[in-house]
Amino acid sequence: MTPLDHIRNFSIIAHIDHGKSTLADRLIQTTGGLTAREMSEQVLDNMDIEKERGITIKAQTVRLDYTAKDGQTYVLNLMDTPGHVDFAYEVSRSLAACEGALLVVDASQGVEAQTLANVYQSIEHDHEIVPVINKIDLPAAEPEKVKQEIEEIIGLPADGAVLASAKSGIGIDDILEALVERIPAPKGDINAPLKAMLVDSWYDPYLGVVILVRIIDGSLKKGQQVRFMQAGTTHLIDRVGCFRPKIEILDSLGPGEIGFITAQIKEVSQTAVGDTITDAKNPTKTALPGFKEVQPVVFCGLFPVDAADFDKLKESLGKLRLNDASFSFEAENSAALGFGFRCGFLGLLHLEIIQERLSREYDLDLITTAPSVVYHLNMTHGEGSIDLHNPADMPDVTRIESIDEPWIEATIYVPDQYLGAILKLCQDRRGIQKNMTYVGGRVQLIYELPLNEVVFDFYDRLKSISRGYASFDYHQTEYKQGDLVKMTIMVNGEVVDALSMIVHRHAAEGRGRQMCQRMKDLIPRHLFKIPIQAAIGGKVIARETIGAMRKDVTAKCYGGDISRKKKLLEKQKEGKKRMRQYGSVDIPQEAFIAALRMGDDS
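Quick note on full-length UniProt numbering: the sequence shown kicks off at 1 and runs consecutively.
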């Protein structure tokens, strides 16, 4: 077991794309965790989708041995964390297992919204923070300006910031020395009863559920009987080890160490993240505070294109749930789309990742309904309040007294030349400006916004307006009462439940018109006229009509009396009227998918 003063536990935090995973690669390579032949880019990002998009989704851990300049050998436990706002939950768990953090800031981009959010989380955990200014070899790098930003915006002293380039390997030794000198060693008592924190768990087809643990007190050995305090279950440990990043089996884990255990657990649902693991025979008195439960923020329906794939979809969602505790699902059915599932996600990127993993890893073709958020409906006649996840399930308007919607506080960083367009976007989305500060050519905006205006396409619009320079971070604050209505789309008089949505009364007409126009372009012409209407209750607020295809019934009349042609045309008209009454409109799947991509085309 490693002595406590020779252990350093740290995580790497940064805004998305500032070079966390590349820095992790260099640290692994420099300390000899992998040979040059075994190295690949983004070693710790082991999902294909992470490598392709260049983003980290799951926090990963690795143990490194480092011989410092004083000749002592230290054990460094590194946690590589995601940078995207949707995965802030992964970051909070990783930070709880560490004593310090490397704050990576891009030398050309400077401090961004997510940098700030992650630093505040780290400060909450009382961490020692070592600033690293990365990518100093870029032509646009301005390390001195970035140091000033770190001091002004975050309030951290930046005179000791390490200048580095993870890609070129500049400054890596300085970072390792700074870790050893500046990050405190963990505290713990090996003779106390076992107390360990369950940091993460995932399903491995060969080992069953693998559990990542951080030992606080006591020690964990193979063959030990342990108890999960929150779940109340007892398990026998059959494997103890660590990642270097290859699996290495160990005899035991002591205080301050991070490693993994397996205990023949079949389902991840039995291992609640944040649970305290203790010895079954000699338990600890108090459990660790753990983490707050993760709450899905965005909901949408997932339906298989081919109804026969329903069971396959159910099985695939179950398998994904094994590795992603923040994702939830329940069965639902829709008149337009058949049987499917209502799923909850942490945000739109999370939704996109799950969708892509389903189509890629499980070969499923899916239709996704419009994303919606959770509304609180306050009912009349003392019925209390209910949560509404799906707009199609909205009860009769007469039973609803008021509707509360979730609001967020958003922090936006943007170069000042794009400020006007960003302010207009936030204004259009019913935003309330809270604060605006200038920091060296860039503006920090703090806005309160309704979440349902953000989940549609706010992030995409923000990026396109600012040519990709704006960065955005948010956290949910409270529920506020809103003037909200349910808008339904009718095709040929029939309600298409998959296209129902809840919108603000002032935006309903514009959104309805946009939806009708989009459906008009997407539904193919039939032999009869098809009206497409958007309605609130019984009131139609927008309408488009798809013209009928016409067979030329007068083709066989050569000259002769005009009344003969009129007669044939009248007959055709009658037939079309009857057809429209009984005819069913086939809406192709592509139409649903395209209609639900509610991008502002303006």
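Glycine included, C-beta positions come from ideal geometry on N, C-alpha and C. Every value quoted in this text rests on a predicted model; they were computed, and no experiment measured them.
Using only CA atoms, which one of the options lies nearest to residue i?
i	options	result
residue 446	494, 414, 466, 467	414
residue 370	385, 345, 547, 215	345
residue 236	537, 261, 229, 392	261
residue 5	118, 22, 188, 138	188
residue 469	417, 431, 493, 253	417
residue 127	198, 143, 139, 100	100
residue 274	228, 283, 245	228
residue 30	244, 112, 141	244
residue 256	472, 78, 497	78
residue 103	71, 21, 72	21
residue 73	558, 8, 117, 518	8
residue 264	203, 306, 321, 167	203
residue 513	143, 254, 545, 442	545
residue 132	385, 11, 425, 361	11
residue 403	392, 526, 388	388
residue 495	558, 450, 391	391
residue 482	566, 284, 401, 182	401
residue 111	444, 547, 479	444
residue 178	231, 395, 68	68
Which two residues bound the contiguous beta strand (DSSP E) that contains residue i?
i	result
residue 479	471–482
residue 442	442–450
residue 534	530–536
residue 115	Run containing residue 115: none in the beta strand (DSSP E); it sits in the alpha helix (DSSP H), 113–124.
residue 242	239–243
residue 145	Run containing residue 145: none in the beta strand (DSSP E); it sits in the alpha helix (DSSP H), 143–149.
Under the rule that 16 or more other beta-carbon atoms within 10 Å means buried, what is residue i, buried or exposed?
i	result
residue 354	buried
residue 196	buried
residue 15	buried
residue 95	buried
residue 560	exposed
residue 106	buried
residue 550	exposed
residue 66	buried
residue 492	buried
residue 433	exposed
residue 473	buried
residue 521	exposed
residue 46	Since pLDDT at residue 46 reaches only 44, below the 50 mark, its modelled position is unreliable, and no value is offered.
residue 201	buried
residue 308	exposed
residue 186	buried
residue 450	buried
residue 18	buried
residue 569	exposed
With H, G and I counted as helix, E and B as strand and the rest as coil, what does DSSP make of residue i?
i	result
residue 158	coil
residue 549	coil
residue 54	Because the pLDDT of residue 54 is 47, which lies under 50, any placement of that residue in the model is unreliable, and the number read from its coordinates should be weighed accordingly. Here residue 54 sits in coil by DSSP.
residue 329	strand
residue 506	helix
residue 557	coil
residue 321	helix
residue 74	strand
residue 37	Since pLDDT at residue 37 reaches only 49, below the 50 mark, its modelled position is unreliable, and the value read off the structure follows with that caveat. Correct three-state label for residue 37: coil.
residue 383	coil
residue 523	coil
residue 343	strand
residue 564	helix
residue 374	coil
residue 623	In the structure as shown, the chain starts at 1 and stops at 602, and residue 623 therefore has no counterpart that could be examined.
residue 92	helix
residue 271	coil
residue 418	helix
residue 177	helix
Going by beta carbon distance, what residues of the same chain come within less than 7 Å of residue i, once the five residues before and after it are set aside?
i	result
residue 310	304, 339
residue 152	439
residue 75	2, 6, 7, 63, 65
residue 547	525, 529
Taking 7 Å as the cut-off, does the CB of residue i come closer than this to any heavy atom belonging to the ligand NAP?
i	result
residue 482	The ligand NAP is not part of the structure shown, which contains no ligands of any sort.
If I measure Cβ to Cβ from residue i and keep anything under 6 Å in the same chain, skipping five residues before and after, which residues do I get?
i	result
residue 533	490, 540, 543
residue 54	Caution applies to residue 54, whose pLDDT of 47 falls short of 50 and renders its modelled position unreliable; the model cannot decide the point.
residue 194	218, 278, 279
residue 421	465
residue 247	241
Tell me which same chain residues have a C-beta within less than 8 Å of the C-beta of residue i, skipping the five on either side of it?
i	result
residue 249	239, 240, 241
residue 337	301, 303, 367, 369, 498, 592
What is the residue span of the alpha helix (DSSP H) that residue i lies within?
i	result
residue 20	20–30
residue 358	348–361
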